[in-house]
Each structure stands twice: as structure tokens, then as C-alpha cells.
Amino acid sequence: MKRYSALELIRQGLTGHRGWDRVWRKPEPKESYDAVIIGGGGHGLATAYYLAKLHGMTNIAVIEKGWIGGGNSGRNTTIIRSNYLFDESAAIYNHALNLWKGLGQELNFNIMMSHRGVLNLAHDEGEMRQLKRRVEANRLNGVDSEWLDAKEVKNFCPSINISGDIRYPVLGGTLQRSGGVNRHDGVVWGYARAADAMGVDILQQTEVTGILTDSGQITGVETTRGTIRTPKVASVTAGHTSVMAKMLDIRLPVESHPLQALVSEPIKPVLNCVVMSNAVHVYCSQSDKGELVIGAGIDAQLSYTQRGNLDIIEHQMASLMELFPIFSRLRMMRQWGGIVDVCPDASPIITKTPVKGFYVNGGWGTGGWKATPGSGHVFADLIAKDEPNRIAAPFTMDRFVSGALVAEHGAAAVAH
Amino acid sequence: MFVIDCPNCGPRDQSEFVYGGEAHIARPTKSEDMTDAEWGEFVFMRTNTKGLFAERWWHATGCRKFFNMLRNTATDEIHAVYRIGEKPPKVDADLPATPAGEASIGSGNDAVKIMRADAEAGS
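Quick look at the structure:
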């Protein structure tokens, strides 16, 4: 793998950029691998990268039905934060945040990580109390978090409307300064390039059509490019988590819903941080291209179509106008949907299953992007050692029998 | 936006309805004898079907009654509406050829559809 650097950029610039290597290979599937990861999104490729780097498992493959990063990795609003209420969630999301901090250097790929700060707004007394409690819980868990009153919110983010005359006035908010946004494609490509360089085969346009077992032990996968033998299969397929598990008659507590987002036409810098509001129900940031990136809640119905309904978008536009009247004449450019697998407790599932060698990482629902490196890191640990580590242990399937849920609906930035 | 044919009120915009989730989940009758695992199955586990799916809807701003609907979750095509207590009717649906596949019309998964079109054009 040729290292990317300023010097290399100049050298290539002088020779017409003809000397760059392929970023990752386009291999033919081998007959067998030590492990197969289903799903070439951020979480799947991060899992492959950490399996190869930390556990020495380089004879592995990532199988992707479409192209890598074409699912939810390319459809999220790229918001990074770790200000969750409970200890279990703070541990895994803060683990991810710490990995994000050095990830661009580690992967030698510009992921455009920008720690510009994430504001979570409060619009009534109850919400203020709840968010202040979350600030204290975050601090106890070593997550940076602080409370801002309305004036301090305005100082930090001048374009926001804190007038007392609006329907839901801004009373204050929490700020996580280490939160921010990054470039989702860059992360996917960076992980793919680094994993590929260690020998991981990335098989795009390859769909898993069946999972093979022999007396309760995984033996391989059937794909549209033939059968691949392997003792370990790890499913990291987000919206299709239930579909994969169903191949082995495993039932999961997730339901798949469309989650929509949209971007505006590009404008000059106007919004310097991420703003999220649960009560008014929208979140927004501005990309480096100048587009506002806007999201909100899921569509209610179960669906796999990667499309949602227009009324959801109308609501989030109305919410955005309340917080930012300055955006009222902006035109919207693109709108899309991704399929998110929502768990009843809004926490992920990182688990072994009754089938030996079959692992599931899913149920991240509406907030998986921020966890990408942490999710891949702990999932690789589970696949290599067949036991969840301290961070992953609260997120196994056992909690849906014991009742020890990690109920994080309150810490989702907007109600889903 | 769905146009849902309420059995009592006729076709109405989706915004009048509230989603009720998977239909035909029977409430356990002998709950005192159930293990934690059986309770977990009833409370949490869901079929989450990709394909023909029976679901409940509530006409919140109309007749305020629940009813069932049969919809293809791979395309969002609505196939039938029927009353609570009735069995789902038999219908023909355009289902994906593979468990995780995409139907020819109705899926927004361009990554898969564009590459399939490219492959067909090339072959």
C-alpha cells in the first residue's frame, strides 16, 4: 500500500495523477476463509480491519451485496457523540469516540473528522432537568459534557433563534465539544484500504443467499458467486439483520424502519456545530461542501425499501424553520432513506448465537454511525475469542431474557 | 405516502393512521407457567419480514378502529386490508428472488439495482 502524504500528492500531481494504486483489490472469492463478515459497511469493514490488525486474522472476507458503504454508511448524517445516559452505553460510545480521534492518522486516510461540538437543546423545564442529569451522568463516566443556558447556546452557535416568542423557546442545552461530524465515505474507504492491505478480501456485488451449518456449527455461506467454506460467520447487515438471522431460524428483537435525511443547496459557512433538538424534533449540521445535512425521526412502518414518506420530511423542515428562521429560503437538493434495525431498548446487539460460529452485530437503530470504530473493535474481539469483552458484554441477546435492558430511548437525540 | 383503504372509512392519507406493528401475535393464555425465555419471545422477538407482512393499523383521526393490512415490505405495495379477527387473504406479490434481494420495482436500493442493470447490459 502506497502511503498517502503531501509529498506523494505533489509527486503524482507532476505526473498527471497516473501513478496511484487501486485503493483496494477486486479479488475472486477463495474456497475457504477463517471468517466471513457479511456486510461491507463501516461496521463490517471496521470489524475486518481490527480482526486483521489486532487478532492476526488476515485470511478473512467481507461480503457485500451492493458496493461498500452503499447502505446506511453512505446514508447517515455523520454525527459523532457519546453523551449517552447509562454506564454501558457511555462505555461503548466513548470507546468509539476515542478511536475516532486518531483514526485518520491510523488509517492514513483523510476522514475529515471535525470535532466541532454537538448541542442538544432543551425546550421545557422537564427536558432541562433531564439533560442536566445526563450532563452529570456523562461526567461521572468521563464523557465531556457541559450545560449551557440560552445565552451561552447563542454565543456558541450564533445562527440559532433563542427568541422567547417562538412555540418552543430554547431554554438551554448540553454541549459535547469532542462531538462532531466526519466524512462517511472516507471512513468506509479508509477501513477498506487498510484491511485490504493486510490481506482481507473485499467481495463486492456478492450476495449471501444461505448460511451452511453442520450439527449446530457454521461450515460456510452460499453466495451468488458460489459456496465459501468458513467456521465463523459474522453478520453486520443493519436493516437486514433479521433477514440474515432467519437463514438460521434465529429470531431477533429488531424491527426495520426507513430513516430519512436530506441536504440543502450549498451555502457559505453559517452553522458551526451540530444542533439537535428532541422536542422540536430535528438535527442539523453543515458539511464542508456547505450543504446543510438534516435528519429527524424514523417512518413508523416496517419497510426494507430504502424510501420513506414525505410528511416526515415536511415535519422536520417545519422544525428547522423554528430553530433557524435564517434558513427559510434555502432549497433542498437531495433526500433519501436508509433502513435501520431498531431494538426495543434502543441499544445494539453484539452477540454470540445458539449456532456455534455465528455472530450478530446489529440493532444499532438510528445511531450506529458514531459507534463505527468501537463497534468493529469489540465485535472483532468477540469473533476472535468467542467471548464478549467487558464493553460488549451488556449488549448480548441474554438481556431479552433477563430483562437487563440498556434503555437508551431517552438519549437518542430525537424521539424515534 | 401510502393511501390506506380503511375498511370503515375508505381510502385515506397515511397521516390519518397510527402504525400498530406486527399482526396476529397471540397473547399467552397461561402466563403464570411461562419461563423468562418464553416471555422474552412474546414481548421482544419480532418476525421483521422482508416480503409479505401482516400488520395492524389504527385509524386514529377517522373511525378510531384497528384493522389489519397485508403489505410487501420489499416494495411497500399494499395488497389487502382486512378486519381484526380475520385471517390474511392469499395474494400474489412481487417478492425478491433471494432472502436479502431487491424487487424489480419499488426498492430504493440503487446500489444493488444499478449494478444489476450494468451486469445485464454487459452480458
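Those protein sequences? They're chains A and B, same order as listed. Position one of the first sequence corresponds to residue 1 (this note's numbering), numbered consecutively onward. Position one of the second sequence corresponds to residue 417 (this note's numbering), numbered consecutively onward. Here a beta-carbon is modelled for each residue, glycine too, at the ideal position from N, C-alpha and C.
Residue i - partner residues in DSSP beta bridges
i	result
A:Thr351	A:Val360
A:Gly337	A:Gln260
B:Asp421	B:Pro427
B:Ile441	B:Ile441 pairs with nothing; no bridge assigned.
A:Leu171	A:Leu171 pairs with nothing; no bridge assigned.
B:Glu471	B:Glu438 and B:Met485
A:Cys284	A:Val275 and A:Ile294
A:Arg139	DSSP lists no partner for A:Arg139.
A:Ser114	A:Val181
Top-ranked residue by Cα proximity to residue i, from the options
i	options	result
A:Thr366	A:Leu262, A:Pro258, A:Gly403 and A:Gly376	A:Pro258
A:Ser502	A:Gly173, A:Lys2 and A:Leu382	Since the first and last residues shown for chain A are 1 and 416, residue 502 of chain A lies out of range.
A:Val280	A:Lys26, A:Pro169 and A:Ile63	A:Pro169
A:Lys30	A:Gly117, A:Leu45, A:Ala61 and A:Phe395	A:Ala61
A:Ala392	A:Gly357, A:Leu14, A:Ala90 and A:Glu64	A:Ala90
A:Ile455	A:Asn98, A:Val270 and A:Leu203	Limits of chain A in this structure are 1 at one end and 416 at the other, which puts residue 455 of chain A out of reach.
A:Ile383	A:Asp149, A:Ala192, A:Leu310 and A:Val233	A:Val233
A:Gly164	A:Glu222, A:Lys151, A:Ser256 and A:Thr219	A:Lys151
A:Trp189	A:Leu405, A:Gly74 and A:Val181	A:Gly74
A:Pro348	A:Ile228, A:Ile92, A:Met247 and A:Thr58	A:Ile92
A:Gly21	A:Gly40, A:Ala197, A:Val274 and A:Arg334	Residue identity differs from the one stated: residue 21 of chain A is Asp in this sequence, not Gly. Checked all of A:Gly40, A:Ala197, A:Val274 and A:Arg334; the closest Cα to A:Asp21 is A:Ala197.
A:Val401	B:Gly538, B:Gly522 and B:Glu454	B:Glu454
A:Lys26	A:Val406, A:Asn389, A:Gly199 and A:Thr237	A:Gly199
B:Gly524	A:Gly66, A:Lys246, A:Arg81 and A:Asn108	A:Gly66
A:His115	A:Glu28, A:Ala318 and A:Ser287	A:Ser287
B:Phe482	B:Pro423, B:Asp508, B:Gly517 and B:Met417	B:Pro423
Chain-ordered chain B contacts of residue i [CB-CB under 8 Å]
i	result
A:Gly66	Asn525, Ala527, Val528 and Met531
A:Ala300	Val434 and Tyr435
beta-carbon residue i near the ligand MN non-hydrogen atom, thresh 7 Å
i	result
A:Val143	The ligand MN is not part of this structure, which contains no ligands at all.
Beta-carbon neighbours of residue i, restricted to chain A and to distances below 8 Å
i	result
B:Lys503	By Cβ distance, chain A contributes nothing, its closest Cβ being about 20 Å from B:Lys503, past 8 Å.
B:Arg462	Ser242, Arg251, Leu252, Pro253, Val254 and Glu255
Partner residues on chain B for residue i, Cβ-Cβ distance less than 9 Å
i	result
A:Arg307	Asp492, Gly522, Ser523 and Gly524
A:Ala197	By Cβ distance, chain B contributes nothing, its closest Cβ being about 24 Å from A:Ala197, past 9 Å.
A:Lys246	Thr463, Asn464, Thr465, Lys466 and Pro515
For residue j and residue i, the rounded distance between their alpha carbons
i	j	result
A:Gly337	B:Thr463	22 Å
B:Gly467	A:Ile339	14 Å
A:Val342	A:His17	44 Å
A:Gly216	A:Asp249	12 Å
A:Asn120	A:Met276	5 Å
A:Gly403	B:Asp449	18 Å
A:Pro231	B:Leu511	31 Å
A:Gln306	A:Leu323	28 Å
B:Ala496	A:Glu408	36 Å
A:Asp185	B:Trp474	40 Å
A:Trp24	A:Arg193	5 Å
A:Asn309	B:Asn488	16 Å
A:Asp34	A:Met1	23 Å
A:Gln205	A:Thr351	27 Å
A:Val270	A:Met321	15 Å
B:Gly501	B:Ala470	12 Å
A:Gly374	A:Leu97	8 Å
B:Arg428	B:Gly437	19 Å
B:Met461	A:Thr15	58 Å
A:Arg139	A:Gly69	34 Å
A:Ala6	A:Leu302	47 Å
A:Arg225	A:Gly362	25 Å
B:Tyr435	A:Ala48	38 Å
A:Val274	A:His377	26 Å
A:Glu127	A:Asp149	13 Å
B:Ala519	B:Thr491	7 Å
A:Ile313	A:Gln260	8 Å
A:Leu107	A:Ile166	46 Å
Neighbouring residues, chain A, relative to residue i (Cβ below 7 Å)
i	result
B:Phe469	Leu302
B:Thr489	Leu302, Ser303 and Tyr304
Under 7 Å by beta carbon: chain B residues contacting residue i
i	result
A:Val401	Asp452, Ala453 and Gly456
A:Leu310	Met417
A:Pro344	Phe460
A:Gly70	Ala527
Proximal residues of chain A, C-beta to C-beta of residue i below 9 Å
i	result
B:Ser447	Chain A residues near B:Ser447: none, gap ~15 Å exceeds 9 Å.
Proximity test, Cβ basis, 8 Å: residue i and chain C
i	result
A:Met317	Reference to chain C is not applicable here, since the protein chains of this structure are A and B.
Short of 9 Å Cβ to Cβ, which residues in the stretch 199-210 of chain A face chain B?
Answer set for the stretch 199-210 of chain A: Gln204, Gln205, Glu207, Val208, Thr209 and Gly210.
Residues of the stretch 354-367 of chain A in Cβ contact with chain B at a cutoff of 7 Å, in chain order, please.
Going along the stretch 354-367 of chain A in chain order, one finds no residue with a Cβ nearer than 7 Å to chain B.
Listed in chain order, which residues of the stretch 309-338 of chain A have Cβ atoms closer than 8 Å to some Cβ of chain B?
Answer in chain order: Asn309, Leu310, Asp311, Trp336 and Gly337.
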